[in-house]
Every structure is written in C-alpha cells, then in structure tokens.
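Enquirer: Chains as they are written, first to last, in my numbering: chain A, 2 to 261; chain B, 974 to 1215. Please find one structure pasted underneath; my questions will follow.
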C-alpha cells in the first residue's frame, strides 16, 4: 500500500536565475560558473575584491556582455543573448558606476528618458514619461531640483539621478552598481532610505557595493565573488564573518571594525 | 596647537576664498600642514574639499587669501610651478592615462624633473607598491581599481613632493585594499612626506591622520588632533552616523 505523498513545499520560480554563468576576456574568465537565484522582492548585495567580476556579472544580466557559458533565466525563460534594450523592456533596469547624464538636459528630462526606453509599464509616450519622471524624482528625493540642469547637481545628487533614470524604466528588478561610492556615512544612510523607498514600491534590488554599512544595513542576502566565482553566499552577518571572506576581501582590520 | 617652538609650517593657508564661475565655494580658509604631518580633510560632498585641493595645486584660482609653501608665498602660481616646488595632487578618480603603460604613467609624474635620479624614485615607488613590479608594461586601464590607485599615488610620488595630496583614496575600493593603501600612505608619511588626505570614509581618515580639518559649506567648522575630531559629538553624528 502506498503512502500519500508528503506535502511538498512548492517553491515558486525565482525571478532571476543564473546557472553556471561564464564570461571570458581573452584567456581570463572574468565570471566563472556563477550560480545563484533571486526571488521577487529580495534585496541582494554582491561584494568582492576589485576585479572579481562584479560589474561584468551585471553586464551579463543586463545584456551588455554575451555569455560564453551558462544561462540566465527571467521568470524561468532564458534571456541569454538578448540585446540590452529588450532586457530593459522586460523589466530589468540598471545604473552605471560612472554616471553619464545628458549634460544639456534638466534633471526632469534625464529621468523622463528612462521612462521612454523602459519596460512596457513605462513606455507610454512623452507626456506619460514626464509624469513618471516627476514620480521617481519624488521617490529619490530630487523633486525640488527637477528643473535644474544636471551640471548643478552635487555628486550624491548625480547618483540619485542615475537611480531615478533606472527607476523610471519601471523595472521589476533594479541592478545598482556602486551608487553609494564616495558618500560619507550620513549620506549613505540617506541613500539607503532611497533604496528602501524604491524597494517598497515592489522592486527587487541587486546591488554591488564596497561599503559594508550598505550590505549590513539593507541586504537580506549577500553574494561574495572572488576571481569570478562565488566564494560565499548567505545572510550578510554570517558571510562577513566567514574566514575566507575576511582573507579575500575584508582584511583583518576591517573585520575588527565590523564587530560590535 | 602650534606653539612658539614648533617649526614653520610647510604649508600655510590664510583667509583663502576661491571658487568657480558662479561664486565662491571656499570662504576664508585657514589651514596649516607641518613638515611630515598627515592631515585629514573631511566633510560632506560639496563642502569644498576637492576645490581646496584644486586651489593648492593651482588648478582653481584663489580670489583672496594667501598660500605659503616652506615660507614663500605661492598663491595663484601655475600648476607646473607648484609641482616643481613640491606639491603633488592625486586626483579623485585617479585620472590615469588608461592606454599608456603603468611605467609611462609613473614617469609622467616626473615629467618636470631633470635631476637624473628619477630611476631611484621609480625603485622607491615599486618598493611601496611591489604589486606593480610585474605590471609595468601593462596598460594602466586594464589594472584593477586598487592597482590603479597605486599607480596614481606612485605617479604623485614621482614628482618627489614635500606635500602629497590624495583625493578619495578609498573610492570604489574593497575594504582590504583600502587598509593596504592607507598603510602605504602612512609609510610614505613616516619617510618624511607631508600628506593631505581627503576621504569620505571619515573613520579611515581620522584613524590614519595626526590632525584633521572638517569643512562645512566652504568653511573650516572644526580642526584639531584627529583623535579629538573623531570624538567630537557633532562629527560623530554628522559624518560617522553614530
């Protein structure tokens, strides 16, 4: 007599899935067999030494770089090899480490550009694009500066605009590449509030940062890359105490600073 | 605090007002750096730190006030004259020549020198940054962020400065790399080079420095021993987020 099947925990398809993702430059594997998944609504941090492949990995996800191996799936369907604009339209938005706003345009116009080239939710014509721009500038705390030329913005505000442009594409997943570099602790806390506000609108966040205040302050999950491979992943508290992570990335002195 | 017996400061800034087109960014700055002293310059983005470094290296004109280097006034001298007199600037974001080799980038730091011991200084830079030894022929743009910062600091050292100014040493670098670079900066300082360190990671800067200045809206809001500045309740709240 067969027993009834035990109740299985049905795990819904992750929003984003990376399976053995590999990208080589010449003979060097910048990203080497990276596997992880991200669930809808998560906030995940990627950390690791300079040159570990973090930005290359974001480039692979956003389609700027074609994979040499492995697969990337969005809600279960492969997006490997898809061009960047189509990936953006699917709802994967991103920022760039080196911000390049349109210098001759206002803050509001820059944000509107994001909407014009974004996901289906965002691409509703110029009038709607400005409405979305106003909405996201409010969200990132730039509403009062909407009419200014971007040249008038301070560095933290330029970073906010970079986030606003990406959020204006109405992404379901937002990739942030070091948007808090060059900010002091108090400015970082303000930027964390901004990311929380974006996240609260239902956007999944995957971010690269070297600032541990960010990883500890906001991420539910941290992934450590080293030499293109996943060295460790898990809850930030646990990962940052991992001896291999301290050796490869944090250093002893910094690890001590993290201790309460 | 400087007393009567302390030596003449290497750098003496008095009443410095400066800015770009739209109006002043700095208002009446007084700042001293003693020979072989390590001074941290901290403050929010937009407070005027990088502008101050720009004025000190001749890139931004001073509208009022004086800058004295080793007893001689150098206000509004041209950048190349200031490099010759001993001020080297490691700019924010490193600004290397990405398609030139590491070696050429380093040699460019000694562009103005005709003293024949440039090779000795190259050896000194490589002593400080052994990781660059087998990368001299590489294009600087292909190096990791940490290595590029080493080249930028090394290029500054190649000018044989009395005062080395480093803007945002930690920008975009892994914690372990920041620790290493700070160690090297302290080593350079112990060998007799005065340093101004501009840093967003305020704790890192204050741990390394002898003295510190806090800039707020273009004015010196606070200055003193780095340990005192670190313990200042206002600094802890406004910059350290404690």
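Using N, Cα and C, we set each Cβ at its ideal position, and we do this for glycine too.
Look at the Cβ atom of residue 160 (chain A), then the Cβ atom of residue 212 (chain A), and state whether they are nearer than 8 Å.
Expert: Not a contact, by the Cβ cut-off of 8 Å.
Enquirer: If you draw a straight line from the alpha carbon of residue 1216 (chain B) to that of residue 1002 (chain B), how long is it in whole angstroms?
Expert: The structure shown does not extend to residue 1216 (chain B), since chain B is modelled only from 974 to 1215, so the question has no answer here.
Enquirer: Would a C-beta distance cut-off of 8 Å place residue 1 (chain A) and residue 141 (chain A) closer than the cut-off?
Expert: Within the shown structure, residues of chain A are numbered from 2 to 261, placing residue 1 (chain A) beyond reach of any answer.
Enquirer: Using 8 Å as the threshold, is the stretch 89 to 108 of chain A in touch with the stretch 144 to 155 of chain A, meaning 3 or more CB pairs across them?
Expert: Because the criterion of three Cβ pairs below 8 Å is met, the stretch 89 to 108 of chain A and the stretch 144 to 155 of chain A touch.
Enquirer: Residue 95 (chain A) by DSSP, collapsed to three states: which one?
Expert: Residue 95 (chain A) falls in the strand class under three-state DSSP.
Enquirer: Can you grab the Cα-Cα spacing for the pair residue 1036 (chain B) / residue 1026 (chain B), in whole Å?
Expert: When rounded, the distance between both Cα atoms is 15 Å.
Enquirer: Looking at the structure shown, is residue 26 (chain A) part of a helix, part of a strand, or coil, going by DSSP?
Expert: In this structure, residue 26 (chain A) counts as strand in the three-state DSSP scheme.
Enquirer: For the stretch 162 to 169 of chain A against the stretch 110 to 120 of chain A, are there 3 or more C-beta pairs whose distance is under 8 Å?
Expert: At 8 Å Cβ cutoff, the stretches touch.
Enquirer: In three-state terms, what does DSSP make of residue 1207 (chain B)?
Expert: Three-state result, residue 1207 (chain B): helix.
Enquirer: Let me know if residue 236 (chain A) comes out buried or exposed under the rule of 16 or more other beta-carbons within 10 Å of its beta-carbon.
Expert: By the neighbour-count rule (16 or more Cβ atoms within 10 Å), residue 236 (chain A) is not buried but exposed.
Enquirer: Kindly list, in the order they appear in chain A, the residues whose Cβ is closer than 8 Å to that of residue 1190 (chain B).
Expert: By Cβ distance, chain A contributes nothing, its closest Cβ being about 12 Å from residue 1190 (chain B), past 8 Å.
Enquirer: Taking residue 210 (chain A) as the reference, which of A:202, A:203, A:226 has the closest Cα?
Expert: Here the closest residue by C-alpha is A:226.
Enquirer: In chain A, what lies closer than 9 Å to residue 1196 (chain B) by C-beta?
Expert: Ordered by position in chain A, no residue passes the 9 Å Cβ test against residue 1196 (chain B), which lies about 18 Å from the chain.
Enquirer: Is the Cβ-Cβ distance between residue 84 (chain A) and residue 64 (chain A) less than 8 Å?
Expert: A contact, by the Cβ cut-off of 8 Å.
Enquirer: Mind checking residue 163 (chain A): buried by the 16 CB within 10 Å criterion, or exposed?
Expert: Looking at its Cβ environment, which holds 16 or more other Cβ atoms inside 10 Å, residue 163 (chain A) is buried.
Enquirer: Does DSSP classify residue 1064 (chain B) as helix, strand or coil?
Expert: Looking at residue 1064 (chain B) - three-state DSSP - the assignment turns out to be coil, as it is neither helix nor strand.
Enquirer: For a cutoff of 8 Å on Cβ pairs, would you count residue 179 (chain A) as touching chain B?
Expert: Output row for residue 179 (chain A): interface = yes.
Enquirer: Checking contacts by CB at 8 Å: is residue 203 (chain A) closer than that to chain B?
Expert: It does not; no Cβ of chain B falls within 8 Å.
Enquirer: Determine whether the Cβ of residue 57 (chain A) lies closer than 8 Å to any Cβ atom of chain B.
Expert: Answer no: the Cβ-Cβ gap between residue 57 (chain A) and chain B never drops below 8 Å.
Enquirer: Helix, strand or coil for residue 1039 (chain B)? Go by DSSP, reduced to three states.
Expert: Reduced to three states, the DSSP call for residue 1039 (chain B) is strand.
Enquirer: Just mark residue 87 (chain A) as buried or exposed, buried being the case when its beta carbon has 16 or more other beta carbons within 10 Å.
Expert: Answer is exposed; the Cβ neighbour count stays below 16.
Enquirer: For residue 1215 (chain B), is the classification buried or exposed, using 16 other Cβ atoms within 10 angstroms of its Cβ as the cut-off for buried?
Expert: Looking at its Cβ environment, which holds fewer than 16 other Cβ atoms inside 10 Å, residue 1215 (chain B) is exposed.
Enquirer: Would residue 1146 (chain B) and residue 1122 (chain B) qualify as a contact pair, given that the criterion is a beta-carbon distance under 8 Å?
Expert: A contact, by the Cβ cut-off of 8 Å.
Enquirer: Using 8 Å as the limit for Cβ to Cβ distance, is residue 1112 (chain B) near chain A?
Expert: No, residue 1112 (chain B) lies away from the interface with chain A (no Cβ there is under 8 Å from its Cβ).
Enquirer: What runs of the alpha helix (DSSP H), each 4 residues or longer, lie entirely inside the stretch 47 to 74 of chain A?
Expert: List check, alpha helix (DSSP H) in window: 55 to 62.
Enquirer: Whose Cβ in chain B lies nearer than 8 Å to the Cβ of residue 155 (chain A)?
Expert: Result: 1018, 1019.
Enquirer: Do residue 1177 (chain B) and residue 1161 (chain B) have their CB atoms nearer than 8 Å?
Expert: Against a cut-off of 8 Å, the Cβ pair of residue 1161 (chain B) and residue 1177 (chain B) comes out as no contact.
Enquirer: Can you tell me whether residue 1135 (chain B) is buried or exposed, with buried defined as 16 or more other CB within 10 angstroms of its CB?
Expert: Label assigned to residue 1135 (chain B): buried.
Enquirer: Assuming the contact rule is C-beta atoms closer than 8 Å, residue 1075 (chain B) and residue 1111 (chain B) should be a hit. Round their C-beta distance to whole Å, please.
Expert: Contact flag correct, Cβ pair sits at about 6 Å.
Enquirer: Is the beta carbon of residue 999 (chain B) closer than 8 Å to that of residue 991 (chain B)?
Expert: Contact flag set, yes.
Enquirer: Beta strand (DSSP E) containing residue 1138 (chain B): first to last residue?
Expert: Per DSSP, residue 1138 (chain B) belongs to the beta strand (DSSP E) from 1136 to 1140.
Enquirer: My parser needs the beta strand (DSSP E) runs of 3 or more residues fully inside the stretch 171 to 231 of chain A; what are they?
Expert: Fully enclosed beta strand (DSSP E) runs of 3 or longer: 174 to 178, 205 to 209, 222 to 227.
Enquirer: With burial defined as no fewer than 16 other Cβ atoms inside 10 Å of the residue's Cβ, what is the status of residue 257 (chain A): buried or exposed?
Expert: Exposed is the call here.
Enquirer: Where does residue 169 (chain A) sit, in a helix, a strand or coil, going by DSSP?
Expert: Residue state, collapsed to three classes: coil.
Enquirer: Beta-carbon separation of residue 23 (chain A) and residue 68 (chain A) under 8 Å?
Expert: Yes, they are a contact pair.
Enquirer: Rank B:1200, B:1194, B:1139 by C-alpha distance to the C-alpha of residue 1020 (chain B) and give the top, closest one.
Expert: Out of B:1200, B:1194, B:1139, B:1194 has the C-alpha closest to the C-alpha of residue 1020 (chain B).
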